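Asks: Input: one structure, supplied below.
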Ligand code: DX5
Ligand code: ZN
């Protein structure tokens, strides 16, 4: 079984001191840094882009797990790669040609992630299991931190894990949205091996990041 990894989302960090916040995550035991990129078009919110990722890159040795909620996504992939993304995850709805976007990310020597919204079916990615490194299962509709976990997504995680085990695929299963101390065990038992969390990691226990990462990993 793959080791459980925690990918804290900086969406809940103090944006006025992102370098310091990332340092706190690194010291607190994060396995990677989840960067939520929103364009105000694919999702109804705006966040950050390549210049901020580039500026943060030199402050952190962890991998940047970049979640692109932008459309059209294809023409911006190289910018995010150049800025220092390590894993580049996109939504199938945001590209005209999934195969080409996957190939582009691979050609840049980055890990490829594909994200499934709560209402996007697993079969959307069934032709690509062999070519992707990660499936990011959304347990909220993307756009905002602090939303409530949608419990129906647990069955989807189980189904994907079954497909993965049956065929010996290698992709990671990452879950994003509303992950907290009460549901993390169910999410991991369902088959996820990477948990994204913003609110829980930055706000619980008065912002004790180390404790919150440890608790999420262990429960
Ligand atoms: C939602 C983002 C998530 C979210 C996680 O669009 O992709 O990464 O911010 O934050 P919490 O843990 O607060 O749900
Ligand atoms: Zn995300």
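In the numbering used here, the protein residues as written are 3 to 221. Where a beta carbon is used, it is the ideal one built from N, C-alpha and C, also for glycine. Owing to the predicted nature of the structure, the values given are computational and were not obtained by experimental measurement.
1. Between residue 76 and the rest of its own chain, which residues show a CB-CB distance below 6 angstroms, the 5 nearest in sequence each way excluded?
2. Do residue 88 and residue 65 come within 9 angstroms of each other at the CB atom, strictly closer than that value?
3. Report the three-state DSSP secondary structure of residue 7 (helix, strand or coil).
4. The beta strand (DSSP E) spanning residue 91 covers which residue range?
5. Is residue 158 near residue 196, with beta carbons less than 9 angstroms apart?
6. How far does the alpha helix (DSSP H) with residue 28 in it reach, from first residue to last?
7. What residue range is occupied by the uninterrupted beta strand (DSSP E) comprising residue 118?
8. Work out the CA separation of residue 163 and residue 84 for me, nearest whole Å.
9. Any chance the CB of residue 14 is under 8 angstroms from a heavy atom of the ligand ZN?
10. Check for me: the alpha helix (DSSP H) holding residue 155 runs from which residue to which?
Replies: Per the coordinate set shown:
1. Taking the chain shown and counting its residues from 1, the one referred to as residue 76 is at position 74. Shown here for residue 76: same chain residues with a beta carbon closer than 6 angstroms to its own, the five before and five after excluded, namely 97, 103 in chain order.
2. As a working note, residue 65 is residue 63 in the chain shown. As a working note, residue 88 is residue 86 in the chain shown. Yes; because the gap between Cβ atoms is below 9 angstroms, this pair is in contact.
3. Translated into positions along the chain shown, residue 7 becomes position 5. In the structure shown, residue 7 sits in a strand (DSSP, three-state: E or B).
4. Here residue 91 refers to the residue found at position 89 when the chain shown is read from its first residue. Element bounds for residue 91: 89–92.
5. Working through the chain shown from its first residue, we reach residue 158 at position 156. Working through the chain shown from its first residue, we reach residue 196 at position 194. Cβ distance not < 9 angstroms, so residue 158 and residue 196 don't count as in contact.
6. Against the chain shown, residue 28 aligns to sequence position 26. 20–29 is the extent of the alpha helix (DSSP H) around residue 28.
7. Stepping through the chain shown from its first residue, residue 118 is reached at position 116. Start and end: 113–118.
8. Residue 84 sits at position 82 when you count from the first residue of the chain shown. Residue 163 sits at position 161 when you count from the first residue of the chain shown. Taking the straight line from one Cα to the other gives about 32 angstroms.
9. The residue given as residue 14 occupies position 12 in the chain shown. No, the ligand ZN has no heavy atom inside 8 angstroms of this Cβ.
10. Taking the first residue of the chain shown as 1, we reach residue 155 at position 153. Where residue 155 is concerned, the enclosing alpha helix (DSSP H) stretches over 155–169.
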